[in-house]
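Here the structure is laid out as structure tokens; the discussion comes afterwards.
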Amino acid sequence: MTRWSPEKMVAFLPYAAFVATFDRAVVAPMLVGMAADFRVDLQTITLSASAYYLAYGLAQPIWGIISDQIGRIATLRLALVLAGIADLVSIIPMDIDFFIASRAAAGGVMAGVFPAAVIFLGDAIEDRGKRQSAITQLQTGVALGLATGTAIGGIGISTIGWQGFFIATAAACFLMTWYIREFPNPKPGADRLSLIQAYRNVFTNGWALLLFFLVFFEAGILLGAFSLIPAALELDGSSASVAGLVTAAYGVAILLTSVLVRKKTNSVPPHRFLLYGGIATTLGFVILGVYLSEMTVIVSVLFQGAGWVLMHPTLQTWVTSVTPMARATAVSLFAGFMFLGNGAGIFAASHILTNWGPEALFGIAAALTVVLTAIAVPTQRRHFLAQG
Numbered sequence: 014m015t016r017w018s019p020e021k022m023v024a025f026l027p028y029a030a031f032v033a034t035f036d037r038a039v040v041a042p043m044l045v046g047m048a049a050d051f052r053v054d055l056q057t058i059t060l061s062a063s064a065y066y067l068a069y070g071l072a073q074p075i076w077g078i079i080s081d082q083i084g085r086i087a088t089l090r091l092a093l094v095l096a097g098i099a100d101l102v103s104i105i106p107m108d109i110d111f112f113i114a115s116r117a118a119a120g121g122v123m124a125g126v127f128p129a130a131v132i133f134l135g136d137a138i139e140d141r142g143k144r145q146s147a148i149t150q151l152q153t154g155v156a157l158g159l160a161t162g163t164a165i166g167g168i169g170i171s172t173i174g175w176q177g178f179f180i181a182t183a184a185a186c187f188l189m190t191w192y193i194r195e196f197p198n199p200k201p202g203a204d205r206l207s208l209i210q211a212y213r214n215v216f217t218n219g220w221a222l223l224l225f226f227l228v229f230f231e232a233g234i235l236l237g238a239f240s241l242i243p244a245a246l247e248l249d250g251s252s253a254s255v256a257g258l259v260t261a262a263y264g265v266a267i268l269l270t271s272v273l274v275r276k277k278t279n280s281v282p283p284h285r286f287l288l289y290g291g292i293a294t295t296l297g298f299v300i301l302g303v304y305l306s307e308m309t310v311i312v313s314v315l316f317q318g319a320g321w322v323l324m325h326p327t328l329q330t331w332v333t334s335v336t337p338m339a340r341a342t343a344v345s346l347f348a349g350f351m352f353l354g355n356g357a358g359i360f361a362a363s364h365i366l367t368n369w370g371p372e373a374l375f376g377i378a379a380a381l382t383v384v385l386t387a388i389a390v391p392t393q394r395r396h397f398l399a400q401g
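Right, dumping it as structure tokens:
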């Protein structure tokens with residue numbers, strides 16, 4: 014039996030974040046190789062990644078309902094089991110249409126993992142600074158998942174193949190489900206809002222609507238353009254393994270910046286994190302827009318990784334506080350808009366890269382990041398001051 018404690022659960026959650034991130038990060042550096050296996054072009058195989066993100070986003074409201082009905086831990090168990098099954102289905106040797114559909118299914122069920130972790134922390138930690146510190150700690154798992162996936166994806170496709178990675182992810186999902194099998198599963202109290210009340214509570218809250226807008230464009234810009242960096246490098250002549258290794262610097266930047274942010278959450282106001290993150294991300298895209306090479310990618314993704322961990326956990330912490338009575342609904346919708354934005358961003362970035370080249374892709378991303386930052390910083394500052 015696994016002995017339960019709240020601290021043990023908080024310590025476990027980054028591992029769940031690792032697996033959920035690895036499952037999608039490992040695909041980007043393998044896209045060119047997978048396209049060759051399926052004998053399709055890059056844009057077609059990219060649809061499997063877009064389908065994953067879109068399904069992830071569309072499934073969020075469903076997982077929010079499930080979380081309120083069966084509890085946070087039970088939701089995590091269910092999502093992990095289904096994700097493991099979906100990853101195994103993805104390796105069945107069929108055609109490209111079946112593969113795209115199976116990856117969409119994997120995205121839809123993996124959708125329950127990370128939001129359940131954020132909702133759990135929102136329920137368990139009342140202090141804003143401590144909550145942001147814990148949510149930022151989840152980014153450690155995200156960083157390691159991202160760094161590992163991007164570093165070994167390009168290398169592994171020529172050794173164990175893309176199927177081997179999906180088998181490994183499935184095994185990890187089943188192992189984690191077993192680990193938390195006896196953790197208690199407190200359900201929401203009888204005073205929880207009904208489904209209609211919860212959605213009304215969220216969609217009549219101006220701050221919540223603003224956050225959905227911000228995270229959609231944050232993910233579309235920051236993650237959409239980032240996801241095509243390996244493909245841009247390969248089209249420029251780099252090998253898949255080199256593309257994966259240089260992109261792993263993004264995960265390293267997230268890991269290092271997470272440590273700094275956790276130490277500063279009680280002394281730095283959240284709008285400052287958004288400002289610094291916007292500046293770092295813009296610089297990262299400008300570097301790639303000016304000159305694309307393996308060295309500039311390393312420098313760029315260090316800026317981009319720092320920018321992401323400064324901006325995104327700040328928005329995540331913000332959304333856990335705007336509608337406390339409908340927290341699960343707000344967080345699930347927030348994650349949904351994030352992955353809808355990510356899917357749309359990948360599709361748009363793929364089109365821009367294919368038709369206009371990397372300079373246009375990263376130049377547009379830099380300009381849009383400036384606009385995003387200009388909206389997010391003053392509105393977050395106003396909310397922060399209003400909360401006292």
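Count the sequence shown with my numbering and you get residues 14 to 401, in order. Just so you know, even glycine gets a beta-carbon here, dropped at the ideal spot from N, CA and C.
Just so you know, the alpha carbons of I311 and Y263 end up roughly 8 Å apart. For Q152, the enclosing alpha helix (DSSP H) covers residues R141 to G169.
In the same chain as G302, and ignoring 5 residues on each side of it, the C-beta atoms closer than 7 Å to its own belong to E372, F375, G376 and A379, in chain order.
Put simply, of I75, A185 and G70 the residue whose alpha carbon is nearest the alpha carbon of F35 is A185. Taking the C-beta atoms as reference points, Q393 is found nearer than 9 Å to L287.
Excluding sequence positions up to five before and after F179, its CB lies within less than 6 Å of the CB of D100, S103 and I104, all in the same chain and listed in chain order.
A contact between stretches requires three or more CB pairs, one per stretch, nearer than 8 Å, and the region 133–148 meets this requirement with the region 272–279. Around T342, the same chain offers G77, A211, Y212 and V215 as residues with beta carbons nearer than 7 Å, after the five sequence neighbours per side are excluded. G233 counts as buried, since at least 16 other C-beta atoms from the protein chains shown sit within 10 angstroms of its C-beta.
If you look at F51, you'll find it in the alpha helix (DSSP H) that goes L44 to F51. The shortest C-alpha to C-alpha distance from T367 to any of L222, I83 and D54 is the one to D54.
The DSSP-derived three-state label of R194 is coil.
Taking a 10 Å sphere around the C-beta of M338, we find fewer than 16 other C-beta atoms and assign the residue as exposed. The alpha-carbon separation between N279 and T182 amounts to approximately 36 Å. For a cut-off of 8 Å, the C-beta gap from G356 to G70 is around 6 Å, short enough to register as a contact.
Under the three-state reduction of DSSP, A124 is assigned to coil, being neither helix nor strand. Relative to I83, the option among G291, A129, S171 and A30 whose CA is nearest is A129.
For the 9 Å CB-CB criterion, P282 and T330 do not form a contact. A straight line joining the alpha-carbon of I132 with that of W220 spans about 18 Å. Contact check for A114 against A64 passes: the beta carbons are separated by less than 9 Å.
With 16 or more other Cβ atoms inside 10 Å of its own Cβ, W175 counts as buried. Where A92 is concerned, the enclosing alpha helix (DSSP H) starts and stops at R85 to S103. Taking C-beta atoms as the reference points, L346 and Y66 fail to come closer than 9 Å.
The three-state secondary structure of Y304, taken from DSSP, is coil.
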